[in-house]
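K.L.:
Have a look at this one.
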Amino acid sequence: MYGKLSLQQAPPLSVPARFFLTAPVFGLAAALILLFTGKDLFSSRWTPGMLAVTHCLTLGFFTSVMIGATQQILPVLIGSSISKPRFIATLIHGQWLPGVALLVISFLHFKPIIFIPAIILIAGAVTTYAGVILFSLYKGISANESAPGIRLAMIALFITMVMGILLVLGYAGLIPLWRPALTNLHLSWGLFGWIGLLIMVVAWQVVPMFQITRAYPAWLRRLTIPAVAVLLLLKSVLVWSDANAVINTARVLVDSAIATVLLCFALATLYLQHVTRRKIRDVHRDFWRLAIFNLLLTLCFWISAGITGRPEFALLTGVMFLLGFAMAVVTGMLLKIVAFLIWLHLQAANEGLQARGRPGYIIPKMKRVIADRKSNILLFSLLLAQLMIIGAILYPSDLTTPAAVAWLVFFSLLTMVLARASSPSPSPPQKRGRGKILLQYPCGAAHQGQALKISFCNLPAAISRVTITSRMIALQPAGTPKHEQT
Amino acid sequence: MTTITEYMTGVHRHCDEILAELEVAVSEDDWDKAARLSADFLQAMEHHLTMEETVLFPAFEQKTGMIGGPTMIMREEHRQMRELFQQLQWALDGKASGEFLDTTETLLILMQQHNIKEEGILYPMSDQHLGTDAPQVLARMQKV
Chain A
10 MYGKLSLQQA
20 PPLSVPARFF
30 LTAPVFGLAA
40 ALILLFTGKD
50 LFSSRWTPGM
60 LAVTHCLTLG
70 FFTSVMIGAT
80 QQILPVLIGS
90 SISKPRFIAT
100 LIHGQWLPGV
110 ALLVISFLHF
120 KPIIFIPAII
130 LIAGAVTTYA
140 GVILFSLYKG
150 ISANESAPGI
160 RLAMIALFIT
170 MVMGILLVLG
180 YAGLIPLWRP
190 ALTNLHLSWG
200 LFGWIGLLIM
210 VVAWQVVPMF
220 QITRAYPAWL
230 RRLTIPAVAV
240 LLLLKSVLVW
250 SDANAVINTA
260 RVLVDSAIAT
270 VLLCFALATL
280 YLQHVTRRKI
290 RDVHRDFWRL
300 AIFNLLLTLC
310 FWISAGITGR
320 PEFALLTGVM
330 FLLGFAMAVV
340 TGMLLKIVAF
350 LIWLHLQAAN
360 EGLQARGRPG
370 YIIPKMKRVI
380 ADRKSNILLF
390 SLLLAQLMII
400 GAILYPSDLT
410 TPAAVAWLVF
420 FSLLTMVLAR
430 ASSPSPSPPQ
440 KRGRGKILLQ
450 YPCGAAHQGQ
460 ALKISFCNLP
470 AAISRVTITS
480 RMIALQPAGT
490 PKHEQT
Chain B
119 MTTITEYMTG
129 VHRHCDEILA
139 ELEVAVSEDD
149 WDKAARLSAD
159 FLQAMEHHLT
169 MEETVLFPAF
179 EQKTGMIGGP
189 TMIMREEHRQ
199 MRELFQQLQW
209 ALDGKASGEF
219 LDTTETLLIL
229 MQQHNIKEEG
239 ILYPMSDQHL
249 GTDAPQVLAR
259 MQKV
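As you go down the protein sequences, you meet chains A and B in turn.
One gets the numbering used here by counting positions in the first sequence from 1 and adding 9 to each.
One gets the numbering used here by counting positions in the second sequence from 1 and adding 118 to each.
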């Protein structure tokens with residue numbers, strides 16, 4: 010039963026890294042489309058620009074990051090690793106990237122001829138990904154409570170994609186276009202079943218882990234997954250039913266129940282963060298806090314949309330869920346995960362050097378891979394961009410361009426921070442703690458009996474340079490650092 | 119009756135809590151308190167790792183025949199943690215708060231992903247495979 014048990018730390022860095030590094034590029038593309046399409050973008054849910062921007066973000070950014078992260082986290086959670094991880098990642102990424110790019114181009118230019126290769130590539134990537142993860146979950150040996158949630162999220166992603174394909178075929182004029190019923194369902198499964206559910210079940214693991222809080226309440230963990238499944242199924246049935254008083258009431262009740270699930274998650278997270286024992290300031294926690302406030306704001310917009318029926322509130326609901334809630338969670342997690350993975354990778358490389366009798370180095374730790382200062386700048390840039398997009402929806406003629414610029418700045422910064430983290434290079438000394446400290450570090454067989462004094466200020470130069478390509482991350486030994494003093 | 123999973127999970131939480139308090143002390147530049155908590159933390163961690171390496175892992179390996187598998191990975195991660203313990207001590211000696219908190223941040227993530235694997239997989243497997251021997255193994259661990 011346990012024959013295939015694998016407790017390895019992680020798949021090769023290149024597996025998640027390719028998804029993490031290409032994701033912000035789609036964010037940049039979305040901001041550029043917003044910039045050039047201008048205020049017309051918000052005039053309707055169906056404008057080409059709106060469809061292109063939405064899919065740039067949901068598929069190109071969020072789903073990309075989530076595909077990379079699940080491949081990373083699954084072996085840790087359930088003790089079953091994906092076999093041939095590099096090949097699988099290449100297969101998924103190789104279809105995903107051009108597929109999403111073609112889909113966005115076809116939305117922008119309305120070229121039915123491009124829709125077909127786009128959906129073939131996306132379908133190939135999603136089927137491979139969901140298939141591999143579901144198989145891995147099936148083989149997994151740990152009864153981790155998040156596993157059924159990840160399974161449901163995979164199914165939701167697949168269903169969202171099938172509905173998306175039907176909509177695209179309808180959009181291209183090949184089959185009838187079931188709008189808005191199928192679009193609304195596509196949105197519900199995608200936002201709530203895929204993005205929302207995955208964030209919630211991953212939070213059950215990472216919030217207690219990274220922020221040293223208590224566990225999420227048992228009842229919440231027990232009820233969330235079946236509740237999401239039942240509510241999505243109910244929604245799927247009700248959306249096709251003819252509107253009458255009973256059906257309308259049922260729809261409002263289902264929506265209220267979905268809002269309640271999200272509200273319980275938001276309040277539980279805030280409470281756990283409030284009573285955490287890790288009282289030091291942590292940028293990662295601030296990203297989560299921002300995300301949760303945005304989720305509460307999303308619910309307020311949703312209620313306002315229901316009461317007033319005004320389209321801008323409906324738009325704000327979707328926008329704040331994605332760009333407010335999900336964006337803050339995903340960015341915060343991305344910064345933390347990337348910093349840790351780079352550290353782990355350098356650590357392994359360093360051990361490799363030492364095993365070959367070369368001097369070892371003190372590896373730059375997480376805050377040196379991605380400094381808190383950079384994370385703070387990203388947090389404020391995100392907050393500003395979020396405020397601007399709310400403004401742009403309410404006052405499109407005045408604030409659309411500034412909002413597009415704000416998002417362009419945010420995604421540019423994110424791209425730079427992640428790219429730089431992946432290739433640490435000599436950087437100017439930073440003031441850390443109180444003054445400069447010198448450390449004694451015994452450095453492997455070549456220096457046995459001696460101790461190297463390495464100034465922390467020069468560590469980035471001491472460490473080997475890492476180069477990253479879309480395929481692999483190779484470490485080039487930098488030789489003996491010049492600044493060492495024996 | 120306490121299982122290995124319950125007992126060891128409790129030890130993990132205890133270590134997490136000391137680490138959290140230690141970070142607060144360092145961020146407030148309370149180095150006396152930090153030195154005390156750091157000693158507590160390192161002692162608790164070392165005791166925990168030793169319990170696993172000298173009693174639990176050998177018992178697990180003997181019962182399952184899995185030598186060089188999961189326990190080898192766990193030992194490898196213990197070694198990585200000990201390297202960070204060493205750097206934590208250096209940062210404490212140098213009263214370098216930035217360096218200290220960078221080390222605890224990295225250590226925290228390393229420890230937590232390690233703990234998830236142990237609590238979710240290795241400990242439950244130990245309880246299951248050791249069966250009636252589990253209480254005796256636990257008693258030996260507690261004597262370390």
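Even for Gly, the Cβ is constructed at its ideal location relative to N, Cα and C.
Taking a contact to mean a Cβ-Cβ separation below 9 Å, would you say leucine 160 (chain B) touches glutamate 139 (chain B) in this structure?
P.N.:
Within the second sequence, residue 160 (chain B) is the residue found at index 42, counting from 1. Within the second sequence, residue 139 (chain B) is the residue found at index 21, counting from 1. Not a contact, by the Cβ cut-off of 9 Å.
K.L.:
Look at the alpha carbon of histidine 196 (chain B) and the alpha carbon of methionine 169 (chain B), and state the distance between them as a whole number of angstroms.
P.N.:
If you number the second sequence from 1, residue 196 (chain B) lands on position 78. If you number the second sequence from 1, residue 169 (chain B) lands on position 51. Distance between the alpha carbons of histidine 196 (chain B) and methionine 169 (chain B): 12 Å.
K.L.:
Lysine 261 (chain B) to leucine 304 (chain A), Cα distance in whole Å?
P.N.:
As a working mapping, residue 261 (chain B) is identified with position 143 in the second sequence. As a working mapping, residue 304 (chain A) is identified with position 295 in the first sequence. Cα-Cα distance, rounded: 49 Å.
K.L.:
Would you say glutamate 164 (chain B) and phenylalanine 203 (chain B) are within 9 Å of each other, going by their C-beta atoms?
P.N.:
Sequence index remark: in the second sequence, residue 164 (chain B) carries index 46 (1-based). Sequence index remark: in the second sequence, residue 203 (chain B) carries index 85 (1-based). Contact: yes.
K.L.:
Note down, in chain order, every chain B residue with its Cβ under 9 Å from the Cβ of valine 292 (chain A).
P.N.:
Mapped onto the first sequence, residue 292 (chain A) falls at position 283. Those do not exist, as valine 292 (chain A) stays about 10 Å from chain B at its closest Cβ, beyond 9 Å.
K.L.:
In chain A, which residues lie less than 8 Å from glutamate 139 (chain B) when you measure between Cβ atoms?
P.N.:
Taking the second sequence and counting its residues from 1, one reaches residue 139 (chain B) at position 21. Within chain A, the residues near glutamate 139 (chain B) are Arg286.
K.L.:
Report the residue from A:Leu41, A:Leu388, A:Ser23, A:Ser115 whose alpha carbon sits nearest the alpha carbon of lysine 93 (chain A).
P.N.:
Reading the first sequence from its first residue, position 84 is the one you call residue 93 (chain A). Nearest of A:Leu41, A:Leu388, A:Ser23, A:Ser115 to lysine 93 (chain A), Cα basis: A:Ser23.
K.L.:
Does chain A have any CB closer than 9 Å to the CB of threonine 221 (chain B)?
P.N.:
Walking along the second sequence from the start, residue 221 (chain B) turns up at place 103. At least one chain A Cβ lies under 9 Å of threonine 221 (chain B).
K.L.:
Compare the Cα-Cα distances from isoleucine 131 (chain A) to each of A:Leu111, A:Lys148, A:Lys376, A:Leu146 and report the closest residue.
P.N.:
Position 122 of the first sequence, counted from the start, is the residue given in the question as residue 131 (chain A). Out of A:Leu111, A:Lys148, A:Lys376, A:Leu146, A:Leu111 has the C-alpha closest to the C-alpha of isoleucine 131 (chain A).
K.L.:
Can at least three beta-carbon pairs, one atom from the segment 59-66 of chain A and one from the segment 378-395 of chain A, be found at a separation below 8 Å?
P.N.:
no
K.L.:
Can you pull the chain A residues whose beta carbon is under 7 Å from the beta carbon of lysine 181 (chain B), in chain order?
P.N.:
Stepping through the second sequence from its first residue, residue 181 (chain B) is reached at position 63. Correct list: empty, because the minimum Cβ distance to chain A is about 11 Å.
K.L.:
Shorter than 9 Å from the beta carbon of aspartate 150 (chain B) to some beta carbon of chain A?
P.N.:
Translated into the one-based positions of the second sequence, residue 150 (chain B) becomes position 32. No - not a single Cβ of chain A is within 9 Å of the one on aspartate 150 (chain B).
K.L.:
Do the CB positions of alanine 314 (chain A) and leucine 331 (chain A) come within less than 9 Å of each other?
P.N.:
Numbered from 1 along the first sequence, position 305 holds the residue referred to as residue 314 (chain A). Numbered from 1 along the first sequence, position 322 holds the residue referred to as residue 331 (chain A). No.
K.L.:
Hey, would you say glycine 108 (chain A) sits closer than 9 Å to isoleucine 128 (chain A), going by beta carbons?
P.N.:
Walking along the first sequence from the start, residue 108 (chain A) turns up at place 99. Walking along the first sequence from the start, residue 128 (chain A) turns up at place 119. The answer is yes: Cβ separation under 9 Å.
K.L.:
At the level of alpha carbons, what is the spacing between glutamate 277 (chain B) and leucine 343 (chain A)?
P.N.:
The structure shown does not extend to residue 277 (chain B), since chain B is modelled only from 119 through 262, so no value can be given for it.
K.L.:
Just verifying my parser: in three-state terms, what is the DSSP assignment at valine 284 (chain A)?
P.N.:
If you number the first sequence from 1, residue 284 (chain A) lands on position 275. Correct three-state label for valine 284 (chain A): coil.
K.L.:
Please specify which runs of the alpha helix (DSSP H), each continuous and at least 4 residues long, are wholly inside the segment 116-182 of chain A, giving them in chain order.
P.N.:
Fully enclosed alpha helix (DSSP H) runs of 4 or longer: 121-148, 156-180.
K.L.:
Any contact of the segment 129-143 of chain B with the segment 205-213 of chain A, i.e. 3+ C-beta pairs under 8 Å?
P.N.:
The segment 129-143 of chain B vs the segment 205-213 of chain A: no contact.
K.L.:
So glutamine 356 (chain A) contacts chain B; which residues on that side make the cut at Cβ distance below 7 Å?
P.N.:
What you label residue 356 (chain A) is simply residue 347 of the first sequence in a count that begins at 1. One finds Gln198 in chain B with Cβ atoms closer than 7 Å to the Cβ of glutamine 356 (chain A), taken in chain order.
K.L.:
Whose Cβ in chain B lies nearer than 8 Å to the Cβ of arginine 377 (chain A)?
P.N.:
Residue numbering aside, residue 377 (chain A) sits at position 368 when the first sequence is read from its first letter. What arginine 377 (chain A) touches in chain B: Asp220.
K.L.:
If we ignore side chains and look at the alpha-carbon of each, how far apart do isoleucine 184 (chain A) and valine 177 (chain A) end up?
P.N.:
As a working note, residue 184 (chain A) is residue 175 in the first sequence. As a working note, residue 177 (chain A) is residue 168 in the first sequence. Isoleucine 184 (chain A) and valine 177 (chain A): Cα-Cα distance of roughly 9 Å.
K.L.:
Going along the segment 60-86 of chain A in order, which residues come within less than 8 Å of chain B, judged by CB to CB distance?
P.N.:
Of all residues in the segment 60-86 of chain A, the ones placed with a Cβ closer than 8 Å to any Cβ belonging to chain B are Val85, Leu86, in chain order.
K.L.:
Between A:Met425, A:Trp203, A:Pro217, which lies nearest to isoleucine 159 (chain A) when the distance is taken from Cα to Cα?
P.N.:
For the purposes of this step, residue 159 (chain A) is identified with residue 150 of the first sequence, where counting begins at 1. From the listed residues A:Met425, A:Trp203, A:Pro217, the smallest Cα separation to isoleucine 159 (chain A) is found for A:Trp203.
K.L.:
Mind pulling the chain B residues with CB within less than 8 Å of glutamine 363 (chain A)?
P.N.:
Position 354 of the first sequence, counting from 1, holds the residue named residue 363 (chain A). Result: empty, since nearest Cβ-Cβ is about 11 Å, beyond 8 Å.
K.L.:
Under the three-state reduction of DSSP, which class applies to tryptophan 249 (chain A): helix, strand or coil?
P.N.:
For the purposes of this step, residue 249 (chain A) is taken as residue 240 along the first sequence, with counting starting at 1. Looking at tryptophan 249 (chain A) - three-state DSSP - the assignment turns out to be coil, as it is neither helix nor strand.
K.L.:
Does the distance from the C-beta atom of aspartate 264 (chain A) to that of tryptophan 198 (chain A) stay below 9 Å?
P.N.:
Taking the first residue of the first sequence as position 1, residue 264 (chain A) is located at position 255. Taking the first residue of the first sequence as position 1, residue 198 (chain A) is located at position 189. Not closer than 9 Å, so no.
K.L.:
Is the segment 375-392 of chain A in contact with the segment 344-356 of chain A, if contact means three or more CB pairs nearer than 8 Å?
P.N.:
yes
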